[in-house]
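Quick notes on the structure that follows.
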Amino acid sequence: FTVNSVPTQPIEGQKTGTSGLRKKTKVFMGDNYLANWIQSLFNALGEEAQGKTIGLGGDGRYFNKEAVQIILRLAAGNGVSKVVVGKDAIMATPAMSALIRRRGLYGGLIMSASHNPGGPEEDWGIKFNYSSGEPAPEKITDKIYGFTQSISELKMADIPEVDLSKVGTTQFGSFEVEVVDYTAEYFATLKEVFDFPALKAFMTRADFSFVFDALHAVTGAYAGPLFVDELGAKADSIHNGTPLPDFGGGHPDPNLTYAHDLVELMWSDKAPVFGAASDGDGDRNMVLGSHFFVTPSDSVAIIAASAQAAIPYFKGGLKGVARSMPTSGALDRVAQKMGLPFYETPTGWKFFGNLMDADQCSICGEESFGTGADHVREKDGLWAVLAWLSILAYKNKDVPEGGKFVSVKDIVMDHWKQFGRNVYSRYDYEGVESEAANKMIAHLESVIASSKKGDKFGEYTLETADNFAYTDPIDGSVAKNQGIRFVFQDGSRIIFRLSGTGSAGATIRLYIEAYTADEAAFEKDAQEVLKSIIGTALEVSKLQEFTGRDKPTVIT
Ligand code: VG1
Ligand code: CO
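Going letter by letter, the sequence shown gives residues 10 to 565 in our numbering.
As structure tokens, this is what we get:
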């Protein structure tokens with residue numbers, strides 16, 4: 010094939026956010042928008058990517074079918090020797106991480122805007138993962154951004170459109186495309202972590218029932234093969250299991266607001282024992298029991314506490330645990346009790362990778378429905394579901410069918426009795442005007458500057474207030490301005506951050522946490538327990554004054 014030099018010009022604003030580049034789909038479909046970013050990626054990687062093999066796939070959203078062909082032509086044009094593509098251009102984010110690791114790929118591209126809705130009027134996105142399967146670190150993404158500002162040429166190979174509907178290899182001169190079964194490497198990795206026969210025996214118990222809602226996103230392509238074919242779940246336990254380009258018009262975000270059908274079912278009198286959902290690209294998870302919601306912050310703490318006993322992969326014990334800064338302190342308490350190394354990182358999975366590569370961290374999580382482990386370098390929705398099923402199986406191993414089944418709620422209540430409860434909630438104010446959001450953050454900076462230990466904030470006494478900064482203990486890199494936090498003397502916290510995954514305007518995230526060891530508070534609704542501290546947070550930030558919003562768009 011020949012490589013054509015196509016002239017192009019820099020396009021403003023191609024800066025990677027918390028997780029990849031996300032924009033409105035129409036923006037990505039504009040002249041050279043995607044091609045410019047991909048070419049800039051290859052420019053940033055330089056010699057290093059020459060002759061290498063990379064992975065490619067996505068969450069099935071609108072525009073992926075066209076995008077995959079553009080990326081293949083640029084990969085060939087830039088000297089990549091082979092691309093391993095998921096059949097029909099499908100590949101969940103954790104599956105890509107597993108693929109990179111198992112096949113020793115140089116890296117991988119994921120076409121997804123994750124939990125953002127899809128379709129011609131919604132969002133599109135692209136992420137690059139590096140050699141150990143981790144989201145590209147900032148030193149790479151900054152370099153890509155640099156090249157997007159000076160780009161003048163696209164190197165496009167004139168190869169024909171590649172048929173991605175059949176598994177197999179096609180050769181185009183020195184360039185090769187291998188279409189693969191997108192479940193193969195991923196399931197092989199999951200089988201190394203979990204005891205599949207034991208899970209199957211548990212899932213087919215008469216007193217267990219299960220629903221998984223794929224929200225018409227990528228895990229629809231995995232859920233049937235995994236839960237039904239491998240683990241014996243009933244076929245009708247998979248809901249919204251067909252990936253659709255617009256996710257059926259929904260928001261593929263597994264939380265109490267956007268996974269409403271599942272939530273309704275779990276609070277009905279037909280509620281199964283266990284319910285779960287995942288997001289657009291399969292890295293997030295929501296775990297529910299009958300009439301019960303497990304907060305992601307509790308989920309990672311409970312998984313960490315039970316992993317050694319319940320999951321074969323962890324039978325030698327955990328190397329350490331980590332959570333993002335806004336995630337509740339529930340995991341801290343587990344780490345302390347178990348004597349485990351513990352790390353607090355900025356928001357975004359890319360900060361966990363170094364810790365895992367250095368064998369410092371086995372399990373980690375974020376409050377934003379992200380939970381995972383060092384079997385891959387991404388958060389992993391299906392892994393989290395299997396982790397919970399393993400814990401349920403373990404807790405019920407001596408309970409005969411028809412005996413007193415240990416439920417999801419029982420497990421959480423037991424955990425709180427042992428460790429106390431970090432009552433937690435997040436308020437999102439989506440689609441706020443950027444200027445208003447920035448002004449509010451500037452105001453909070455000035456509050457921090459003028460406050461000191463011992464100051465009263467409503468009922469709370471200040472311990473520290475700062476804008477979170479992180480020094481990576483492995484490579485010494487520093488990430489600043491990672492969120493405004495007020496930490497009070499009883500361990501309660503108020504945190505403010507601006508989202509880095511939106512495609513228009515600003516999203517303000519307010520995270521609120523209060524600790525209690527009072528068992529009477531365990532049955533209470535989080536909103537009730539947090540009422541006073543939320544009031545304090547709104548007062549301190551003057552959020553309503555700056556944004557005009559009197560209530561959040563999403564509460565989780
Ligand atoms: C959000 C979450 C963050 C998560 C990121 C990517 O980022 O808060 O915890 O890692 O999304 O998740 P932000 O900057 O909008 O708060 V995914 O599933 O969208 O790749
Ligand atoms: Co995601």
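C-beta atoms are modelled at their ideal positions from N, C-alpha and C, and glycine is treated no differently.
{"Item": "Assigned exposure category for A232 - 16 Cβ within 10 Å defines buried", "Value": "buried"}
{"Item": "Own chain partners of K566 with C-beta closer than 6 Å, once the 5 adjacent residues on each side are dropped", "Value": "As shown, the chain starts at 10 and ends at 565. That puts residue 566 outside it, with no answer to give."}
{"Item": "Cβ pair L453, S550 closer than 8 Å", "Value": "yes"}
{"Item": "Where the alpha helix (DSSP H) through G544 begins and ends", "Value": "A535 to S550"}
{"Item": "Inter-residue CB distance, A382 and W397 (contact presumed, cutoff 8 Å)", "Value": "With 8 Å as the limit, A382 and W397 do not qualify as a contact, their Cβ atoms being about 13 Å apart."}
{"Item": "Alpha-carbon spacing of G69 relative to I312, whole angstroms", "Value": "30 Å"}
{"Item": "Backbone CA spacing between V432 and E468 [nearest angstrom]", "Value": "16 Å"}
{"Item": "Cβ contact check for the segment 214-228 and the segment 270-284: 3 or more pairs under 8 Å", "Value": "yes"}
{"Item": "The segment 264-276 / the segment 99-110 touching (three or more Cβ pairs under 8 Å)", "Value": "no"}
{"Item": "The ligand VG1 heavy atom lying under 7 Å from the CB of D292", "Value": "yes"}
{"Item": "Residues that G67 bridges to, as DSSP identifies them", "Value": "I99 and M120"}
{"Item": "Which listed residue (E353, E170 and G440) has its alpha carbon closest to that of R82", "Value": "E170"}
{"Item": "Same chain only: Cβ atoms within 7 Å of R437, ignoring 5 sequence neighbours per side", "Value": "Residue 437 is actually Asp in this sequence, not Arg. Correct list, in chain order: T516, R518, P561, T562 and V563."}
{"Item": "At least 3 beta-carbon pairs within less than 8 Å: the segment 22-35 vs the segment 498-516", "Value": "yes"}
{"Item": "Anticipated Cβ contact below 8 Å, T228 with G291, distance rounded", "Value": "5 Å"}
{"Item": "Buried versus exposed call for N13 [16 or more other C-beta atoms within 10 Å across all chains shown]", "Value": "exposed"}
{"Item": "Assigned exposure category for T251 - 16 Cβ within 10 Å defines buried", "Value": "exposed"}
{"Item": "Alpha carbon of S315 to alpha carbon of N294, nearest angstrom", "Value": "18 Å"}
{"Item": "Residue closest to D201, alpha-carbon to alpha-carbon, out of V303, A478 and Y322", "Value": "Just to set this straight, residue 201 is Glu in the shown sequence, not Asp. It is Y322 whose Cα lies nearest to the Cα of E201."}
{"Item": "CB-CB length for V441 against T556, believed under 8 Å", "Value": "5 Å"}
{"Item": "D204 versus F221: straight-line alpha-carbon distance, rounded", "Value": "19 Å"}
{"Item": "Alpha carbon of M365 to alpha carbon of S371, nearest angstrom", "Value": "7 Å"}
{"Item": "Cβ distance (whole Å) where E187 is taken to contact V93 below 8 Å", "Value": "5 Å"}
{"Item": "Sequence ranges, beta strand (DSSP E) only - wholly within the segment 317-387, length at least 3", "Value": "330-333, 351-354, 372-375 and 379-382"}
{"Item": "Given 8 Å, three or more beta-carbon pairs between the segment 331-343 and the segment 489-503", "Value": "yes"}
{"Item": "Neighbour-count burial assignment, S434, 16 or more Cβ in a 10 Å radius", "Value": "buried"}
{"Item": "Heavy atom of the ligand CO within 7 Å of H7 beta-carbon", "Value": "The chain is shown only over 10 to 565; residue 7 falls outside these bounds and no answer can be derived."}
{"Item": "Reduced DSSP secondary structure (H/G/I, E/B, other) of N476", "Value": "strand"}
{"Item": "Counted within 10 angstroms of its Cβ, other Cβ atoms place Q498 as buried (16 or more) or exposed", "Value": "exposed"}
{"Item": "The segment 108-115 / the segment 133-145 touching (three or more Cβ pairs under 8 Å)", "Value": "yes"}
{"Item": "Enclosing beta strand (DSSP E) for S14 [first to last residue]", "Value": "V12 to P16"}
{"Item": "Three-way DSSP call (helix, strand, coil) for F72 in this model", "Value": "coil"}
{"Item": "T510 beta carbon near the ligand VG1 (any heavy atom closer than 7 Å)", "Value": "yes"}
{"Item": "Which residues DSSP lists as bridging W133, in chain order", "Value": "K32"}
{"Item": "Buried versus exposed call for I567 [16 or more other C-beta atoms within 10 Å across all chains shown]", "Value": "Since the first and last residues shown for the chain are 10 and 565, residue 567 lies out of range."}
{"Item": "Contact check, F236 vs S246, beta carbons under 8 Å", "Value": "yes"}
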